[in-house]
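Protein chains in written order, with my numbering: chain A, 1 to 251; chain B, 1001 to 1201.
Backbone N, C-alpha and C define an ideal beta-carbon position, used for all residues, glycine too.
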């Protein structure tokens, strides 16, 4: 269930330094999030699609990944056009659909898809280990990087624990229903998960001390400096900057 | 509970990011290296707990349990929740980068509040423990949905109805989280009381 589908690949994007990819995705995502015109948002969408193509990701897998977002967008499209103030473009007895509401829905749809595509193309294409490495070299506090890497490492273990507990409950004839007993069972299950996590943490920490853990996490990944890195970053910077300036001039 | 990307305005995103960074800094400061593994693995447990689905009638909701994380970790819940949310974006694409700050605030501020309000009540008697756990679970979701509604409302006053819909849609979740948190806290105090940082009298 938990896997890094996009992290392995041989594309140009995959070979970029994680540090560069993190900076580029932050710049581009915020520029896209802050733009206010539908046309400009469209340009950001095109850039993000180019990035996905450059990363050689399968579009079907990418669209699959965006499924949770589509549910949210569906909700937005149902609520906003009916509740937003503004000029009415369609009326059927008490139901009225407003122009600004529909406009806002379009903007939110394009912007949210764009930002998630940027994230998928630039961040989801690296392993969490490389992400930790990149964050570390961007001067994110050691403890934060440590938390990220450690928690990533143990998610699979804790998930396995959860599956085992659930299997045990099912063997004893547990079927989830809408009643107090089911909630109680899940509460105990979650509680047991926290207990096991805590006990495991103690053992892991002791094991780390035994191996000479001195509060430093060393990284073995080496990303040779490469002219492509700075060219890519400059390209992203130039694209976002010109779109921002264009929007200011236009408005 | 997530605010999607592309919805919130610049000032809301920026203040979310700044408050989240400040909170994370405080949280990290409170974690010393003896405890960091504990916080990290509890963050993974929090991540996995959000995969647990419980039924309500024909539908199902997933547990959030930020109340429990808050009770167990206090201020350290902020970096723990940040970690879990970031990993969720990487694995499942629940959200991207720009709304991460706001989403951390939405989930973690109630967790910290619940820690300071309800932790002193735990372990006094079994009824009180369950009641405090129930309220901790209920309030953490209530505060979270209120913060989420507030973030939308600050973005545009026209989001008022949307906020109301979101908050009322979370009422069943509040009750379920309350029940689950109540039982969970009772269970933890019985099975492994050391995990709950009850202050010594």
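Using beta-carbon positions only, say whether residue i and residue j come within less than 7 Å of one another.
i                       : j                       : result
residue 48 of chain A   : residue 118 of chain A  : yes
residue 80 of chain A   : residue 104 of chain A  : yes
residue 55 of chain A   : residue 115 of chain A  : no
residue 111 of chain A  : residue 31 of chain A   : no
residue 1039 of chain B : residue 1080 of chain B : yes
residue 1069 of chain B : residue 1046 of chain B : yes
residue 1077 of chain B : residue 1108 of chain B : yes
residue 24 of chain A   : residue 236 of chain A  : yes
residue 29 of chain A   : residue 1097 of chain B : yes
residue 1191 of chain B : residue 195 of chain A  : yes
residue 19 of chain A   : residue 211 of chain A  : no
From which residue to which residue does the beta strand (DSSP E) around residue i run?
i                       : result
residue 88 of chain A   : 88-92
residue 1060 of chain B : 1059-1062
residue 1055 of chain B : 1053-1056
residue 96 of chain A   : 95-98
Look at the alpha carbon of residue i and the alpha carbon of residue j, and state the distance between them as a whole number of angstroms.
i                       : j                       : result
residue 1056 of chain B : residue 130 of chain A  : 40 Å
residue 1041 of chain B : residue 93 of chain A   : 56 Å
residue 202 of chain A  : residue 1120 of chain B : 25 Å
residue 1017 of chain B : residue 1099 of chain B : 8 Å
residue 1165 of chain B : residue 1149 of chain B : 9 Å
residue 70 of chain A   : residue 232 of chain A  : 30 Å
residue 1125 of chain B : residue 199 of chain A  : 26 Å
residue 88 of chain A   : residue 1158 of chain B : 15 Å
residue 153 of chain A  : residue 1082 of chain B : 16 Å
residue 185 of chain A  : residue 1029 of chain B : 36 Å
residue 1023 of chain B : residue 1105 of chain B : 9 Å
residue 132 of chain A  : residue 91 of chain A   : 53 Å
residue 95 of chain A   : residue 78 of chain A   : 12 Å
residue 205 of chain A  : residue 148 of chain A  : 16 Å
residue 37 of chain A   : residue 86 of chain A   : 18 Å
residue 1184 of chain B : residue 1176 of chain B : 12 Å
residue 1027 of chain B : residue 97 of chain A   : 46 Å
residue 1116 of chain B : residue 1044 of chain B : 23 Å
residue 60 of chain A   : residue 53 of chain A   : 12 Å
residue 223 of chain A  : residue 239 of chain A  : 25 Å
residue 217 of chain A  : residue 1127 of chain B : 45 Å
residue 298 of chain A  : residue 173 of chain A  : With chain A covering only 1 through 251, there is no way to say anything about residue 298 of chain A.
residue 139 of chain A  : residue 219 of chain A  : 14 Å
residue 64 of chain A   : residue 1162 of chain B : 26 Å
I think residue i touches residue j, with their Cβ atoms under 8 Å apart; what is that distance to the nearest whole Å?
i                       : j                       : result
residue 135 of chain A  : residue 145 of chain A  : 5 Å
residue 1151 of chain B : residue 1063 of chain B : Going by Cβ atoms, the distance from residue 1151 of chain B to residue 1063 of chain B rounds to 23 Å, so no, they are not a contact pair.
residue 66 of chain A   : residue 1093 of chain B : 6 Å
residue 1122 of chain B : residue 1196 of chain B : 6 Å
residue 21 of chain A   : residue 150 of chain A  : Contact doesn't hold; Cβ gap of about 22 Å is too wide.
residue 1101 of chain B : residue 1134 of chain B : Rounded, the Cβ-Cβ distance is 30 Å, inconsistent with contact.
residue 1004 of chain B : residue 1095 of chain B : 7 Å
residue 1103 of chain B : residue 1002 of chain B : 6 Å
residue 1154 of chain B : residue 1012 of chain B : 5 Å
residue 1114 of chain B : residue 1067 of chain B : 5 Å
residue 229 of chain A  : residue 16 of chain A   : 6 Å
residue 1187 of chain B : residue 169 of chain A  : That belief does not hold up - the Cβ atoms of residue 1187 of chain B and residue 169 of chain A are roughly 14 Å apart, past 8 Å.
Please work out which residues of its chain come closer than 6 Å, Cβ to Cβ, to residue i, disregarding the five sequence neighbours upstream and downstream, and give them in chain order.
i                       : result
residue 1143 of chain B : 1110
residue 1061 of chain B : 1173
residue 45 of chain A   : 110 and 114
residue 176 of chain A  : 182
residue 101 of chain A  : 80, 81 and 84
residue 1053 of chain B : 1060 and 1062
Residues in its own chain within less than 8 Å of residue i by CB, not counting five upstream and five downstream?
i                       : result
residue 165 of chain A  : 189, 192 and 193
residue 1201 of chain B : In this prediction, residue 1201 of chain B has a pLDDT of 43, which is less than 50 and means its spatial position is unreliable; nothing more can be read from the coordinates.
residue 243 of chain A  : 31, 35, 40, 43 and 44
If you drop the 5 nearest sequence neighbours on each side, which residues of the same chain put their C-beta closer than 7 Å to that of residue i?
i                       : result
residue 1180 of chain B : 1063 and 1137
residue 257 of chain A  : In the structure as shown, chain A starts at 1 and stops at 251, and residue 257 of chain A therefore has no counterpart that could be examined.
residue 162 of chain A  : 193
residue 107 of chain A  : 38 and 41
Between which two residues does the alpha helix (DSSP H) holding residue i run?
i                       : result
residue 21 of chain A   : 18-34
residue 1177 of chain B : 1171-1191
residue 1091 of chain B : 1077-1092
residue 1143 of chain B : 1126-1155
residue 1035 of chain B : Segment: none, residue 1035 of chain B is in no alpha helix (DSSP H) and carries neither H nor E.
residue 202 of chain A  : 180-210
residue 131 of chain A  : 128-137
residue 3 of chain A    : Premise fails: residue 3 of chain A is in no alpha helix (DSSP H) and is neither H nor E.
residue 60 of chain A   : 59-65
List the residues of chain D that residue i touches, going by C-beta distances under 8 Å, in chain order.
i                       : result
residue 1038 of chain B : Included in the structure are the protein chains A and B, with no chain D among them.
With a threshold of 6 Å, establish whether the CB of residue i neighbours any heavy atom of the ligand COA.
i                       : result
residue 1034 of chain B : Ligands displayed in this structure: none; no statement on the ligand COA is therefore possible.
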